[in-house]
Every structure is written in C-alpha cells, then in structure tokens.
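*Asks:*
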Amino acid sequence: MDSDSTDVRSAGPWLLLPVLALPLLAWATALPGCAVPCLDDGLGQTFCPEAETEVATGDSTAGDGDGDGDTAEAGTMDAGDTEACSVLDVILIPQTPTLVLLVDQSLSMDSDFGGDTRWNVVTNVLTDPNGGIVPQFEGNIRFGLALYTSDTNDMNAPCPMLTEVSPALNNFGAIDTTLGSNAPLGDTPTGESLDAVWQTLDVLDVPGKKFIVLATDGEPDTCAVPNPNEGQPESVAAAQGAFAAGIQTYIISVGDQVSNAHLQDMANAGQGVQPGDPDAEFYQALDQAALVTAFDQILASVRSCQLDLDTPLTAEDAENCTVVINGNPVGLDDPNGWSLNDPTEVELLGSACDTLQDGTSSVQMECICA
Numbered sequence: 001m002d003s004d005s006t007d008v009r010s011a012g013p014w015l016l017l018p019v020l021a022l023p024l025l026a027w028a029t030a031l032p033g034c035a036v037p038c039l040d041d042g043l044g045q046t047f048c049p050e051a052e053t054e055v056a057t058g059d060s061t062a063g064d065g066d067g068d069g070d071t072a073e074a075g076t077m078d079a080g081d082t083e084a085c086s087v088l089d090v091i092l093i094p095q096t097p098t099l100v101l102l103v104d105q106s107l108s109m110d111s112d113f114g115g116d117t118r119w120n121v122v123t124n125v126l127t128d129p130n131g132g133i134v135p136q137f138e139g140n141i142r143f144g145l146a147l148y149t150s151d152t153n154d155m156n157a158p159c160p161m162l163t164e165v166s167p168a169l170n171n172f173g174a175i176d177t178t179l180g181s182n183a184p185l186g187d188t189p190t191g192e193s194l195d196a197v198w199q200t201l202d203v204l205d206v207p208g209k210k211f212i213v214l215a216t217d218g219e220p221d222t223c224a225v226p227n228p229n230e231g232q233p234e235s236v237a238a239a240q241g242a243f244a245a246g247i248q249t250y251i252i253s254v255g256d257q258v259s260n261a262h263l264q265d266m267a268n269a270g271q272g273v274q275p276g277d278p279d280a281e282f283y284q285a286l287d288q289a290a291l292v293t294a295f296d297q298i299l300a301s302v303r304s305c306q307l308d309l310d311t312p313l314t315a316e317d318a319e320n321c322t323v324v325i326n327g328n329p330v331g332l333d334d335p336n337g338w339s340l341n342d343p344t345e346v347e348l349l350g351s352a353c354d355t356l357q358d359g360t361s362s363v364q365m366e367c368i369c370a
C-alpha cells in the first residue's frame, strides 16, 4: 500500500516510512578549521557549509576574526582569535511528531453544525487549501488519518470499520481525497477504533513522539452492543493503553452531545493524569471557529521543543554555545532559552519554545572554542 493510499479494515500495520526531519534550517555555525558534516533532512535539502567559505576550507585568508575586514597572515592569529575545535561541530536535528487524526464517521456526523453538517465542517477545518490544519502543517508533522464507524446492518462488515491514510509528511492530498470520498454512516465504536489505531501507530518505526487527536460528536458504543451508547469504559481503557505505549490522545467534541464527564475522563486517560493531579484539558467545539481553535492549541502542544544533536555535546562544551532563533540569541539554562537535557538532546524553554511552536523558520547553534 502506498503512503497516500487508503483502505478499510479492522486492524493491520501501516507501511514503514523514511526518517524525515522538520524543514527548519537547523545546523551549527562551524568554526575555522572544523570539519562540518552534511545532513540530508529527508526533504531534498542538504545542510552543508558554503564551498568557498573559511568554514568549508579552513582558509585563514577569509578574515582575521576581528571584524575589520583585514586578513591574517598565514600561520599567525590575533589574540582574540580562536583555535579549531571539532568537538563543537554539531547539527541540530528537529524531532518530527507523528499525529493520527481519528475522526468519527458515524451517521450523527450528518447533523447540522452552524448551517452545514458536522462532517463537512470537520473536513473543511482539516483540509481547506487556504487555511486547513493539514495543508498548513503537513511539512512539520507526519499526519495520518483514520475514519471510524461500524455497520450493524451488514453482518459481514468488520467492526470497527477503519478507513486509513498512513502517516507521512506532505500528506494533504491523500487525506483530502479520503475525507472527500467518504460520508457518515453507522455507529460509534470509539474504544475498539482507538485501540486498533494506537496499536498500529505504536509499531510504526519513525523517530519523534506520537499522538492521536480524536474528533467525535457522540457518546461511544461498542461493536458488541451498538445501542445504547455505553462504551465509555472501553474508550477510556483504550486511551490509557495508548498512553502506556507512549502515545498521547487528545479529544475534541464536535457539538455538545458528549458529556463533560466523559470528555474529562478521556482527556485525563489520554494524558496520563494520576489521582490528585490537575485535570487535563479537553475541547468542546460548538462552532467552526472553536473547532479551529481546538486543533490549533493541540498542534502547538505536539510540536516538539526537543532537538537532537548529531554530535554529543558535554556540559562544559555547552557553556561556549548559544542557540539563535530567527536571528535572536537565547542563553543556556535561561528560563526562556535552552538547556542540554543530555549529551545528544537540546530543549528550548519558555518563550524560545513558544517561538518554535509558532512556526519558526531558523534555529541555529553557534559555538566558540574555549
């Protein structure tokens, strides 16, 4: 099955996808004489030093380092010049999240939602070419799609019925086609559907964190008992199972027919909230604007502020490095700067993280030799 193909099934693995990175300019400013490796980010871009610069050649005639435009004599260095320090040749590799949009396809999604159907509004919010969630962020997030329902009128139909698009970067076309070629029908086996989706997502071999956003308009039922809608325990258990596997689940109610109690239970299970902890946030959208806001807030939280290092960095080395976001330097261990979580991971903090999640286009690490 191609990454942009769809299928209807009850369970089964997605194709493994190539490792891809966020399309950010994220590489370390190199030092004179330091060898800089090239990194293919998987999007057809390769971060390498300029062919004729001092960085690439180690040629000291490019400048003497004092900013006056003069060149240094071969074999000489001013007092303020630094020596080559290859240990600080590091590359920041953004972590790309994987997110499956689990969308309720039950017949009630045909109900009115501000002058249009719930189904059409959800489809528009996700895939509108002029501002939909997927076309906006398809280059930064591996989006997948799973439509779920059941058909109690067909004894041979699988339950749950899942129509899926495998997660991938730049997946707008496949997701748009799948939503546009399907329509509401059947019931709401949320628990069984969430179970099948997270288990498939769990074995998908891609780096970065994994998430599921569940958009539903009604209380869940089960495959065994489609009516009445009493599948709340199974749904909560599925969200707990996903979290235990390292996959967070967010829930959005499309309309007001899902009780606040169930929404809260699902939110807490999906975020691993323990007894005594503050409740996790759930989202109830009563119109299209609120639905857009819900998706925007969720996507801001899933875009990672952790950046992997191509070359390990010691704490001592890190003291000589500065992270620069959109041209603005931020400090080490600053609440609004960055920290070295371990030798191979940098994390942006506070407002620096907010800037990254808002769609920053440039993150660099600049290091000097001690």
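178 is the number that full-length UniProt numbering gives to position 178 of the sequence shown; each next residue is one higher, with no gaps. Built from N, CA and C at the ideal position, the CB exists for glycine as well.
If residue 374 sits next to I325, beta carbons under 8 Å apart, how far is it from one beta carbon to the other, in whole angstroms?
*Replies:* Since the first residue shown for the chain is 1 and the last is 370, residue 374 is missing from the structure and cannot be characterised.
*Asks:* Starting from the N-terminal side, write out each stretch of the beta strand (DSSP E) that is 3 residues or longer and does not extend beyond the region 104-151.
*Replies:* Counting only runs of 3 or more, we get 142-149.
*Asks:* Going straight from the alpha carbon of G331 to that of V323, what length do you get?
*Replies:* Indexing the sequence shown from 1 puts residue 331 at position 331. Indexing the sequence shown from 1 puts residue 323 at position 323. Straight-line Cα distance between these residues: approximately 7 Å.
*Asks:* Is D202 helix, strand or coil when you go by DSSP?
*Replies:* As a first step, residue 202 must be located in the sequence shown, where it is residue number 202. Helix.
*Asks:* How is I325 classed by DSSP in three states: helix, strand or coil?
*Replies:* If you number the sequence shown from 1, residue 325 lands on position 325. I325: strand per DSSP, three-state reduction.
*Asks:* Which value, in whole angstroms, describes the spacing of the CA atoms of V122 and L201?
*Replies:* Taking the sequence shown and counting its residues from 1, one reaches residue 122 at position 122. Taking the sequence shown and counting its residues from 1, one reaches residue 201 at position 201. Taking the straight line joining both Cα atoms gives about 22 Å.
*Asks:* Could you name the residues that DSSP lists as bridge partners for A215?
*Replies:* Position 215 of the sequence shown, counting from 1, holds the residue named residue 215. Its beta-bridge partners are V103, I252.
*Asks:* Buried or exposed: where does G276 fall if 16 or more other Cβ atoms within 10 Å of its Cβ makes it buried?
*Replies:* On the sequence shown, position 276 is the one that residue 276 refers to. With fewer than 16 Cβ atoms within 10 Å of its Cβ, G276 is classed as exposed.
*Asks:* Could you name the residues of the same chain whose beta carbon sits closer than 7 Å to that of Q248, not counting the 5 residues immediately before and after it, in chain order?
*Replies:* As a working note, residue 248 is residue 248 in the sequence shown. Around Q248: F211, G270, Q271.
*Asks:* How far does the beta strand (DSSP E) with A168 in it extend, from its first residue to its last?
*Replies:* Translated into the one-based positions of the sequence shown, residue 168 becomes position 168. That run of the beta strand (DSSP E) goes 161-168.
*Asks:* What residues in its chain sit with their C-beta under 6 Å from that of E192, if we drop five residues either side in the sequence?
*Replies:* Taking the first residue of the sequence shown as position 1, residue 192 is located at position 192. The residues are P160, C223.
*Asks:* Can you tell which of L102, G231, G173, V346 has its C-alpha closest to the C-alpha of I252?
*Replies:* In the sequence shown, counting from the first residue as 1, residue 252 sits at position 252. Nearest option by C-alpha distance: L102.
*Asks:* According to DSSP, D308 sits in a beta bridge with which residue or residues?
*Replies:* Here the question's residue 308 lines up with position 308 in the sequence shown. For D308, which the question treats as bridged, DSSP gives the partners I93, E345.
*Asks:* Would you check if there are 3 or more beta carbon pairs closer than 8 Å linking the region 156-174 to the region 123-143?
*Replies:* Flag = yes, the region 156-174 and the region 123-143 touch.
*Asks:* Note down, in chain order, each residue of its chain lying with its Cβ closer than 6 Å to the Cβ of Q45, except the 5 sequence neighbours on either side.
*Replies:* Against the sequence shown, residue 45 aligns to sequence position 45. Any answer about Q45 is weak, because its pLDDT of 38 lies below 50 and its placement is not dependable; what the coordinates show is given next. Hits under 6 Å: none found.
*Asks:* Looking only at its chain, what residues have a beta carbon closer than 7 Å to the beta carbon of S351, apart from the 5 residues adjacent to it on each side?
*Replies:* As a position in the sequence shown, residue 351 is number 351, starting the count at 1. Once the five neighbours on either side are set aside, the close Cβ partners of S351 are N336.
*Asks:* Quick one: what's Q284 bridged to in DSSP?
*Replies:* Numbered from 1 along the sequence shown, position 284 holds the residue referred to as residue 284. Q284 is bridged to S253.
*Asks:* Identify whether S193 lies in helix, strand or coil by the three-state DSSP scheme.
*Replies:* As a working note, residue 193 is residue 193 in the sequence shown. Looking at S193 - three-state DSSP - the assignment turns out to be helix.
*Asks:* Apart from the five residues on each side of it in sequence, which residues of its chain come closer than 6 Å, Cβ to Cβ, to C305?
*Replies:* Position 305 of the sequence shown, counted from the first residue, corresponds to residue 305. These residues qualify, in order along the chain: E347, L348, C353, L356.
*Asks:* How far does the alpha helix (DSSP H) with M266 in it reach, from first residue to last?
*Replies:* Counted from its first residue, the sequence shown places residue 266 at position 266. Counting along the chain, the alpha helix (DSSP H) containing M266 begins and ends at 260-271.
*Asks:* Among P158, T117, W198, F143, which has the Cα closest to the Cα of L107?
*Replies:* Within the sequence shown, residue 107 is the residue found at index 107, counting from 1. Selected option, being the one with the closest Cα: T117.
*Asks:* In or out: E230 buried (at least 16 other Cβ within 10 Å) or exposed?
*Replies:* Working through the sequence shown from its first residue, we reach residue 230 at position 230. Its Cβ having fewer than 16 others within 10 Å, E230 is exposed.
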